[in-house]
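Trainee: Just passing along the structure, written as structure tokens.
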Amino acid sequence: MTAGIIERYAAYLPVTSATPRVTLGEGSTPLVRSSRIGPALGLDQLYFKYEGLNPSGSFKDRGMALATARAVEAGARTLLCASTGNTSASASAYAARCGLRAVVVVPAGGVAAGKLAQALAYGAIILIVKGSFDRALKLVRQVADDPAVALVNSVNPYRIEGQKTAAFEIVEQLGRAPAELYVPVGNAGNITAYWRGFCELARRSGASLPALHGAQAEGAAPLVAGRPVTRPRTVASAIRIGNPASWSTAIAARDESGGTIDAVSDAEIMAAHRRLAREEGLLVEPASAAGVALLLKRAASSAIGNAEPIVCVLTGHGLKDPQALTRGSRVPRAIEPTLKALRRVLG
Ligand code: F0G
């Protein structure tokens, strides 16, 4: 049996022996070495941390396991979140696991089909609001004073604590810290969590620190612009966020690590998405390709030098957003089940 993140990292998490070991087997995701993109860029040690292989299909499960455990411990009966989709899928799964109710608040038209289907299947109460993710988050944050309701957005400190375990795993898997880490940035909890994880390891075991490179979508890049974006737009719905909750800690992660937070266009995101699928066999949702898009952009302007190893975090699974997968592809027509028809294709 694979232990979950609470069991594996209890010594480094805010838990006691009384904290329930809530798990769906999250974490322990593969670090896949690049077979074609890396060599094409002249990089020998490019890796992908495939977080889409978590139980609900995204990295959110790490922090959600811990946030749910602490909610159960505190006697909460409901998990509440605003979400662009993955947090809602994850909260719904862990609520189901623990016999809690999940109430998820999502922006109308702003969530990929697979994620909404997940929340429905896990039995969550879904509230679709007329407004952006930022409005939805503002709304749920107002319910902070009800002890029966645990807010499980990344403003919940246990979410960040749980998510920092991804940094621990990468260092275990590489045998060292990467020189650079690329990660998509939306509400900015994840880049905050990675930086915390790497810093803790550096203090504990003298591991080196990577430069963190955060990727925002061009139409939803408040951290790049230095001010909130009222109407964020991007094909990458997961990171369609105009006013990230973890703003200042993301900027600190960038500056303290000597990294960058930069914008990539939707075209660059979809080009990276396609290359991951076609050149690596790695299926991700569009937002998850943003980090790779930033790596490709930096490589094109020779900004990388000989920094290796490099890790790109692939945050969510491709099946979350089936529409994005088939965009621009033609679905093949049916053929006769004859050898002749097959041979015509094989050539
Ligand atoms: N990648 C994916 C697939 C995401 O779902 C998210 C965030 C991010 C990257 C960005 O992470 O917010 O910590 O900077 N999704 C949230 C949600 C907002 O509601 O599922 P972040």
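Residues 219 to 565 in my numbering are what the sequence shown spells out, letter by letter. Backbone N, C-alpha and C fix where the C-beta goes; we use that ideal spot for every residue, glycine too. All values derive from a computational prediction rather than experimental measurement.
If you check the beta carbons only, do Ala505 and Gly404 fall under 8 Å apart?
Mentor: The answer is yes: Cβ separation under 8 Å.
Trainee: Is there contact here, the stretch 430–447 with the stretch 499–519, by at least three beta-carbon pairs under 8 Å?
Mentor: These segments touch.
Trainee: Helix, strand or coil for Ser426, going by three-state DSSP, please let me know.
Mentor: Correct three-state label for Ser426: coil.
Trainee: Among Thr247, Ile255, Gly260, whose alpha-carbon lies nearest the alpha-carbon of Tyr268?
Mentor: Of Thr247, Ile255, Gly260, the residue nearest in Cα terms is Thr247.
Trainee: Between Gly349 and Asp480, what straight-line distance do the alpha-carbon atoms span, to the nearest angstrom?
Mentor: Approximately 26 Å between the Cα atoms of the pair.
Trainee: Does the ligand F0G have a heavy atom nearer than 7 Å to the CB of Asn304?
Mentor: Yes, the ligand F0G has a heavy atom inside 7 Å of this Cβ.
Trainee: Measuring alpha carbon to alpha carbon, tell me which of Ala411, Val347, Ala320 ends up nearest Pro375.
Mentor: Checking every option, the nearest Cα to that of Pro375 belongs to Ala411.
Trainee: Figure out for me which residue from Arg545, Glu244, Ile346 has the closest Cα to the Cα of Met219.
Mentor: Comparing Cα positions, the closest option is Glu244.
Trainee: Going by the CB atoms, is the gap between Arg458 and Phe351 shorter than 8 Å?
Mentor: Going by C-beta atoms, Phe351 is nearer than 8 Å to Arg458.
Trainee: Could you check the C-alpha separation between Asp363 and Phe386 for me, to the nearest Å?
Mentor: If you take the alpha carbons of Asp363 and Phe386, they lie about 33 Å apart.
Trainee: Less than 8 Å between the C-beta atoms of Ile409 and Ala468, yes or no?
Mentor: Cβ atoms of Ile409 and Ala468: closer than 8 Å.
Trainee: Using a Cβ-Cβ cut-off of 8 Å (strictly less than) and excluding sequence neighbours within five positions of Gly222, which residues of its own chain qualify?
Mentor: These residues qualify, in order along the chain: Arg239, Val240, Thr241, Leu242, Gly243, Glu244, Gly245, Ala283.
Trainee: Where does Leu338 fall in DSSP's three states?
Mentor: Three-state result, Leu338: helix.
Trainee: Heavy atom of the ligand F0G less than 7 Å from the Cβ of Ser409, yes or no?
Mentor: The displayed chain sequence assigns Ile, not Ser, to residue 409. Yes.
Trainee: Which value, in whole angstroms, describes the spacing of the CA atoms of Gly536 and Leu543?
Mentor: Each residue's alpha carbon lies about 7 Å from the other.
Trainee: Please identify the residue among Arg561, Glu474, Pro527, Gly534 whose C-alpha is closest to the C-alpha of Gln391.
Mentor: Considering only alpha carbons, the answer is Pro527.
Trainee: For Thr452, is the classification buried or exposed, using 16 other Cβ atoms within 10 angstroms of its Cβ as the cut-off for buried?
Mentor: Buried, since its Cβ has 16 or more Cβ neighbours within 10 Å.
Trainee: Give the straight-line distance between the Cα atoms of Pro273 and Asp279, rounded to the nearest whole angstrom.
Mentor: Answer to the nearest angstrom: the Cα atoms are 7 Å apart.
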